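Below is one structure, written out as structure tokens; comments come after it.
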Amino acid sequence: MPAPDSSAQKRDDDAIDRHNVHIIKLLKDIDFESMEADKTLEWAAESIGAGRVVLNTSLQMAGVAMIHMATNAGLGIRIATLDTLRLPPETYSFLHEIEERYGINIEVCTPDAEKVDRMVRRFGEFLFFDGKHLQDHCCKVRKTDPNNELLKTADCWISGLRRDQSTLREQTPKATSVTEHGSKRRILKLNPMADWTQERLQSYVDEHDIPQHPLYAQGYQSIGCVICSTPTLSGEDARAGRWRWFNNSDELSAEDAKECGLHIPMYNI
Ligand code: SF4
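Following this line, the structure appears as structure tokens:
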């Protein structure tokens, strides 16, 4: 006869298996590709349950556009952001502006203080200059690990990834699934604006008078941490300003150098 804790474990495993079958069936049965972004958000709130849906945004244009869509429709889904503790001051003030404008509380996820301290003591505050592997490590400690913790509390992760942001993102699906870190539980990942071009997004933002991160006005096209994000020059790729010192790296392709690990399979939880 199995020990009580092993039967409890079996029940948990069975529940996760049933959940995973459900997520896979949703991906098979629902035509997310043809669904408009606002309808995708509505679908998630109704079908998954608003409290288990988290829109995780760095408060760039697509994320704020979806906050606008979700709050206008009264969906009540959760809105979260990753505070790496290295964000520009403009991001912190913009966060409060968005909360006030839309009457929402944004969940702010911060990194584990002990892990940050250990990393900084070992590699220094500016380790990201010393190679892609150390930039990846910093992004893991400050972004991916907190995101993993956030996703433990959700069944659906909504992101603002778009296909026209970079070559690496050209194949971004509107719906996929990722595995919870440390578990086999699948989490539905939706990218409702994957097919929006920058022009379409800008028109939507202008038409609906949606607040924009103040650093766009200073020439930034992609906004993350200070130092690691810089303005772009005319004709440069939207993510060329990220980790600019890797732009001409022989070590890896420019595209590989432009991801923090949050959205690529290597760290795709
Ligand atoms: S963007 Fe830069 S500072 Fe921010 S987590 Fe990544 S490497 Fe660290």
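Residue 196 in our numbering sits at position 196 of the sequence shown; the count goes up by one each step and never skips. We put the beta carbon where it would ideally sit given N, CA and C, even for glycine. Note that this is a predicted model, so its numbers are computed, not measured.
Have a look at the options and flag the residue whose alpha-carbon is nearest the alpha-carbon of residue i.
i    : options                   : result
R244 : G235, S234, E236 and T230 : T230
D112 : I98, L75, G131 and L150   : L150
V108 : N147, V21, A70 and C139   : N147
Q272 : R239, D145 and S183       : As displayed, the chain neither begins before 1 nor continues past 269, which places residue 272 out of reach and without an answer.
V64  : V226, E46 and L201        : L201
V226 : G235, R242, Q165 and H22  : R242
R185 : F123, A62, A70 and T153   : T153
A70  : E36, I30, S177 and G235   : E36
Y102 : T110, S93, I67 and D83    : I67
L262 : V205, D29, T84 and E236   : T84
L27  : C156, Q165, L161 and G219 : C156
Q60  : M119, I30 and T91         : T91
How many angstroms separate the CA atom of residue i from the CA atom of residue j?
i    : j    : result
E259 : H133 : 12 Å
P271 : I79  : This structure cannot speak to residue 271, because the chain is shown only from 1 to 269.
E270 : T232 : With the chain represented from 1 up to 269, any question about residue 270 goes unanswered, as that position is not in the structure.
I269 : D38  : For I269, the predicted structure reports a pLDDT of 29, less than 50, and the residue's modelled location is therefore unreliable. A value from the coordinates is still provided. Rounded to the nearest angstrom, the two C-alpha atoms are 26 Å apart.
R86  : S58  : 13 Å
P192 : R142 : 25 Å
E46  : L55  : 15 Å
R163 : W196 : 8 Å
I77  : A175 : 17 Å
S159 : L190 : 6 Å
V21  : D145 : 26 Å
C228 : A240 : 11 Å
F32  : S177 : 13 Å
S166 : I223 : 14 Å
S34  : T40  : 10 Å
According to DSSP, residue i sits in a beta bridge with which residue or residues?
i    : result
L55  : I79 and I158
S229 : R242
DSSP three-state label for residue i, please.
i    : result
R244 : helix
C109 : strand
K189 : strand
A194 : coil
T179 : strand
R86  : coil
P214 : helix
S203 : helix
T40  : helix
A65  : helix
K184 : coil
Beta carbon of residue i: closer than 7 Å to some heavy atom of ligand 3?
i    : result
K143 : Looking at this structure, you won't find ligand 3 anywhere; what it does contain is ligand 1.
Spell out a yes or no on whether the stretch 90-98 and the stretch 115-124 are touching, meaning 3 or more CB-CB pairs, one atom from each, closer than 8 Å.
With a cut-off of 8 Å, the stretch 115-124 and the stretch 90-98 do not count as touching, because too few Cβ pairs lie within range.
With contact counted as at least three CB pairs below 8 Å, one residue from each stretch, are the stretch 134-142 and the stretch 166-173 in contact?
With a cut-off of 8 Å, the stretch 166-173 and the stretch 134-142 do not count as touching, because too few Cβ pairs lie within range.
Say whether the stretch 11-18 touches the stretch 121-129, bearing in mind that this needs 3 or more beta-carbon pairs closer than 8 Å, one atom from each stretch.
The stretch 11-18 vs the stretch 121-129: no contact.
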